[in-house]
Structure formats: structure tokens, C-alpha cells
DNA sequence: ATCATTTGTGACGTGAATTCAATATGGCCC
DNA sequence: GGGCCATATTGAATTCACGTCACAAATGAT
């Protein structure tokens, strides 16, 4: 239909150049146009505005009253456009507010320790770190990057894998002393578990049964809104929880939590991804910098879990 | 070669519209574009800036950090462009400084009396009236309109005829009593004249000689820089002068100046024009208004010059 | 008066931007 | 979990404004 025919900014730019250089031909040279092109452009502008801006002969240019005012405004406007675009353009140096959303265990253990170094490297970046385990909408939350564990419900989001970790079902020693140690997934029905207040990508706990896996889950004694709360509940002896090894490794090694049903553990790894909004348009520099930084520095040690001679679990 | 491909202002306008309306499709409707057009334009903009401005899914739009800043600036810049153009555009109402340059006799007798009414009609116009008889360069003097008598050395200037007046050779009674009354143009050699300090379009004084005209001019006793000075000199009896009838009509009627060589007067009329810079671009409203006003209200009465029974000259 | 330089104009061709399909995606209700 | 509607994106075709080219007009200087 109606097409975007008039290029106001170009008009202003040419107009200002003509005045600055004092002639159509000089301006044309500078702008890599032909004099006739400049002439037509100025004429177009004047015709559109309905009033003359430049009185011109072959030798002299003079601004009309309107031209004077328009020139001054145009100079300022062009400057502001320049500034706006420069500000918006991804400079070589990342800057601005970077909003990162991470799940709590990974955020606390792996992201937060890196932040001082990241901010030191990019002083113009301000970082907003939000820790949540619930699924979030990247855009709704105005987050640039989200860090999530578990299978991706992929969309047009792009994910960079940061690492992976095994999941372990654990219980506190005093809980296990009270409720007993489950020998098979079926025993879970007699136990109490720690569930989630939010829907998770995988519903139950997977266990190995021959070639396949089956799911089982103990009736929940409590629901946690994030992994860290779940861990604390488990430490307090509320019930069994299935948590990431990188998260509770130290607890296991210290004996505060004890893995159970390890021989049924399917050994699946839960991947941890940094996920961002992806490919259709260029990525802000600060986002790229942060993701690159994470990918470079995050090392999720995923040691084997072995039972020592005394029955205690050790990380190798 | 290098073409003016990017239309920054259109980019900004579309971008702002998208944000305001909250969607590509709505913006497209409003802007009379297709959604795909909007999509590509935004993508172009982001690609040019090298950073994403809008995070988008099919349902939601969210501004990035850069987008936020760019949006606010863009809104302001668009407003300023609008204002600049509106200011520059020839509004319905004339405004601004109008510079008029007129020759002195006509300016004093016909222009100045009209000015109060003109300014009353157009309160937003400020008028600079300069009276000079020397030829001026319209642009050099930054004049919008010049009023000149005599043949036009036409250029790309446009002239509107305001009226015309006969020229008369006159002398003061006491001068004529001293020097005698010339009977033919040849007698002028024995007289003294009043010339001009500046080059005039016609050199000599034309006189009828049968079918043709010949030129003659008395040796100058003084030179005047404008018609009014010449008139005063003539009134003072310095010598003969050739002046416009509209200028010295009252002097003639009062007997302060006496026409001579009237039977040799070729009866040519000297046209009076309002001249302005013309056709290549639209005329500022204030200029058009002034010229129209002049053309409408100026009435150069050009009565016949007749000799009464008592030898005195009368205007009919 | 002639000349060099600059602006203006008419016709033309180019290419970037827009449109028109068709596809992919997201959110919502069931 | 699956189908539907609205929306955004993509690729190919098309078009129309814009700048170029060649020529004319005009200005100011020598």
C-alpha cells in the first residue's frame, strides 16, 4: 500500500551538509552523490515542507528564515540520532544491565563465585542475579539469560550447555534410621519424600529396571520451592529427596546425607544449560560476554560416587 | 555509488509504533504496511545496530536494555523532527522575519503607509524595511522581497508588477528663472542636471524625436544616492532632474517644481515591480502574503499632466 | 563578451524495500 | 496431551522511488 517513501533523516543530513560546506557540489562530493542528486533531494524536502529553505544561485547559498531554524534543529537532531544509535549499538565493550536468572543450587555454587571476576572484567555491566527454581518466561521476567537444569522444552530459545550432573536420591541418617533404608523403588511407597511446589519437567523419579526405566516417587511430606530448600529439608530428616550430585556432594561426603537405591540409579545426567533468546537478531554484547564467560569458567566436577569399605560414600 | 539506503527516521518511527501498539501486526495495520514488512524493517535495524532491541515471540514483545533506551530517545527525536518540520513548513499563517527592500520614493509613499495594516493582519510577522535606491543582491542582503523601478535585468528572479509611472523632467522655478527654460533636448547641454551616485539601468534621459527616441542628459551639478535626495536637490534649485510622476506630483501641483520639455516626453512608463527569488521552490508564506497584499492595495495613480490656462501644471 | 563553475531538468535504469505467498511458532482452550 | 488461532518469520517476485547521466540555464569573473 503506502510505502515509506520519505527519508527524513537523509534529507536532514544532506541539508546540513550543504549548509556546512556551502554548496551542492561540495556536499555531493562529500556524500558521494552527484550534484543533481543533491539538488533533487533539497527540492524534494522543500516541496514536502511547502517552503523554501535555501535561496540559491550558482554562486551563493543563503538560508531563508525557515532554513535557519531548520538547520539548527537538524544539526541537533542528527546528533541525537547518532548518540541514540551508538548507545543502542552493541559496542565492543559490554555495558548496561544484565539480568541473569539461575536455578538456586547452580546459581549459588557455580555462578555467584564467578561474578566478581566477571564484573571486574566488564566494569560497565551491572548485573541483576535472580535465583529461582521455578520455570520462568525469559521475556516476562526481562531476563537476558536463564540457567536451567533438566531437559529443555526447546523453543526458539538457544541453549549453551554448561555441564551436567547426576541425580541422587538421598536421605538424612536419622531419617533412614527411623524409616529404614529402601531396598527397591517399590519400597518408596512406605517412605516420605520431598516434592516441589511447582511443576517440574519430569514428574517422577526414574529408576533402572532391567533395560528400561520405571518411575516411582514417595508420597511427599513437604514441598520445596527450590533445590536449596529441598536440601535443607532433607538434611533435617523430613524425607527422601532427589537432588543433583554437584549440589549435595559435600553433604554426602560429610555423611550428612546418605545416597539410597544407588544400584537402581539409571545414571542419567541432567544437563545444565544457559538459555537465551536466540538467533533471529544479534545478541547484545553483554549477553554474549556473560555466556562465553560462563562456558569458559564453569567446571561442573562430576565425580564418581563410590562406597568406601566402611559403608560411607565418597566422591572420587 | 554509495546510496542513501538506510532510512533512520522510518526505522525509528516503525520501532516506536511497534512498542506503542505492542505488536508487529498492530503496528503494520496502523502504518499501512504488512506484518512482514515491519518484521524485516526491525530486523534490518537490529542488524545495523548490531544488537537486539526487542525480544519477541508470537505473543509477547519485550524490550531489551538497549531497546528501552533507544525507545525513549527515539520518541523524543521523532517529536523534535516533527516540530522542526512543522516550524519550517509554510504554515497557513505567515510568521517570522520578513525583510523588504524598496527604493526610497516608492517605499516612502506607497509601502510605508500599508505596513500598519499588513502587520495588523499578520501579527506573527516581523518586518524589516530597508529603503535604498542602489541595486542590491537579494541574497547578499538577505532580503525576501525587493521593490524596484525601471526595466528588470531579469534573472531567475520573479517579478510582480505593482504599477507604473511616467517620468518627468523638472526644475525649480528659481532655477529655471536663472538658467532659462530648455526648448529642445539639445538645450540640455547648457543646463545642469542632477545625476546618480550609482549606475542606473538606463543611462540617459530619453526624448521623443519623430518616431524614434534620442537620449540626452545635462552635465550633472550634483549626484544623488536616491530619488528623494534628487528631489530635494531639484527643489533647492540645483538643476534639472528626471523623476517619477508619482513622486513629485504634489510638488508639481504646488508649483514647487515645473515640468520642462513635456512635448518631447516619450510618454514611456517606468514599471514598478516587487521582485523575489522565484520559482524553483515554494515561497515562504510570509513572502507570498506580503506580495499579495502589496499587489492588492498599492494603487499608483498615474494622472495625466496638463497645462492649465495660467501656464501652471495640473494633475487630472 | 566568453568561459568556468554551479544549479536545475528530463529520461532512464537500478536495486532496495515491500508485498505476497507459505512456514514456523506460541499460547490457549478443550 | 492435541488442535486451533493469531502472530512472526522466511523466500521469491515485484515495484517504485531515488540517484545517475547527459544536457540546459544561469551566474559571476576574467
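Chains as they are written, first to last, in full-length UniProt numbering: chain H, 1 to 316; chain C, 1 to 316.
Where is the CB? At the ideal position from N, CA and C, for every residue including glycine.
{"Item": "Which one of 94(C), 228(C), 104(C), 238(C) has the shortest CA to CA distance from residue 222(C)?", "Value": "238(C)"}
{"Item": "Specify whether the segment 102–110 of chain C and the segment 120–136 of chain C touch according to this definition: at least 3 beta carbon pairs, one from each stretch, less than 8 Å apart.", "Value": "yes"}
{"Item": "Residue 283(H) to residue 142(H), Cα distance in whole Å?", "Value": "15 Å"}
{"Item": "For the structure I just gave you, are there three or more beta carbon pairs, one from the segment 105–120 of chain C and one from the segment 65–74 of chain C, closer than 8 Å?", "Value": "no"}
{"Item": "Label residue 195(C) either buried or exposed according to how many other C-beta atoms from any shown protein chain fall within 10 Å of its C-beta, with 16 as the threshold for buried.", "Value": "buried"}
{"Item": "Touch check for the segment 21–37 of chain H and the segment 19–39 of chain C: three-plus C-beta pairs under 8 Å?", "Value": "no"}
{"Item": "So the beta strand (DSSP E) residue 96(C) belongs to, where does it begin and stop?", "Value": "96–102"}
{"Item": "Can you name the start and end residues of the beta strand (DSSP E) that residue 276(C) belongs to?", "Value": "269–276"}
{"Item": "Please identify, using Cβ separations under 7 Å, the residues of the segment 88–110 of chain C that lie next to chain H, in order along the chain.", "Value": "88, 89, 90, 96, 97"}
{"Item": "Check whether the Cβ atoms of residue 279(C) and residue 158(C) lie closer than 8 Å to each other.", "Value": "yes"}
{"Item": "Since residue 168(H) is in the beta strand (DSSP E), which residue starts that stretch and which ends it?", "Value": "158–171"}
{"Item": "Mind checking if residue 81(H) is an interface residue toward chain C, Cβ cutoff 8 Å exclusive?", "Value": "yes"}
{"Item": "Should residue 137(C) and residue 287(C) be called a contact, given that it needs their Cβ atoms to be closer than 8 Å?", "Value": "no"}
{"Item": "Are the beta-carbon atoms belonging to residue 245(H) and residue 125(H) less than 8 Å from one another?", "Value": "no"}
{"Item": "Quick check: what's the CA-CA separation for residue 265(C) versus residue 211(C)?", "Value": "12 Å"}
{"Item": "So the beta strand (DSSP E) residue 180(H) belongs to, where does it begin and stop?", "Value": "First-last for residue 180(H): undefined, no H or E at that position."}
{"Item": "Count the other CB atoms, across all protein chains shown, that sit within 10 Å of the CB of residue 198(H); report buried if there are 16 or more and exposed otherwise.", "Value": "exposed"}
{"Item": "Residue 211(H) by DSSP, collapsed to three states: which one?", "Value": "coil"}
{"Item": "Quick check: is the beta carbon of residue 55(C) nearer than 8 Å to any beta carbon in chain H?", "Value": "yes"}
{"Item": "Taking the beta carbon of residue 255(C) as the centre, do at least 16 other beta carbons fall within 10 Å, making it buried, or is it exposed?", "Value": "exposed"}
{"Item": "Name the residue from 160(C), 233(C), 86(C), 48(C) whose alpha carbon lies nearest to the alpha carbon of residue 257(C).", "Value": "233(C)"}
{"Item": "Could you name the residues that DSSP lists as bridge partners for residue 314(C)?", "Value": "306(C)"}
{"Item": "Is there a Cβ of chain H sitting closer than 8 Å to that of residue 274(C), yes or no?", "Value": "no"}
{"Item": "Mind reading off the beta-carbon distance from residue 272(C) to residue 164(C)? Whole number of angstroms is fine, and I expect it under 8 Å.", "Value": "6 Å"}
{"Item": "Look at the alpha carbon of residue 206(H) and the alpha carbon of residue 171(H), and state the distance between them as a whole number of angstroms.", "Value": "17 Å"}
{"Item": "Just to make sure I have the definition right: I need the residues of chain C whose C-beta is within less than 7 Å of the C-beta of residue 8(H). Which are they?", "Value": "9, 81"}
{"Item": "Going by the CB atoms, is the gap between residue 117(H) and residue 80(C) shorter than 8 Å?", "Value": "no"}
{"Item": "Please state whether DSSP places residue 194(H) in a helix, a strand or coil.", "Value": "strand"}
{"Item": "Using a threshold of 8 Å, state whether the C-beta atoms of residue 230(H) and residue 243(H) are closer than that.", "Value": "yes"}
{"Item": "Measure from the alpha carbon of residue 175(C) to the alpha carbon of each residue in 192(C), 183(C), 204(C), then state which is nearest.", "Value": "192(C)"}
{"Item": "Return the chain-ordered list of same chain residues with a C-beta closer than 8 Å to the C-beta of residue 220(H), the five sequence neighbours on each side being excluded.", "Value": "192, 193, 194, 195, 239"}
{"Item": "State the beta-bridge partners of residue 55(C) as determined by DSSP.", "Value": "62(C)"}
{"Item": "Could one say the Cβ of residue 291(H) lies closer than 8 Å to chain C's Cβ atoms, at least one of them?", "Value": "no"}
{"Item": "Rounding to the nearest angstrom, what Cα-Cα distance links residue 307(C) and residue 262(C) in this structure?", "Value": "10 Å"}
{"Item": "Within 10 angstroms of its Cβ, does residue 58(C) collect 16 or more other Cβ (buried), or is it exposed?", "Value": "exposed"}
{"Item": "Tell me whether residue 114(C) sits in a helix, a strand or coil according to DSSP, three-state version.", "Value": "helix"}
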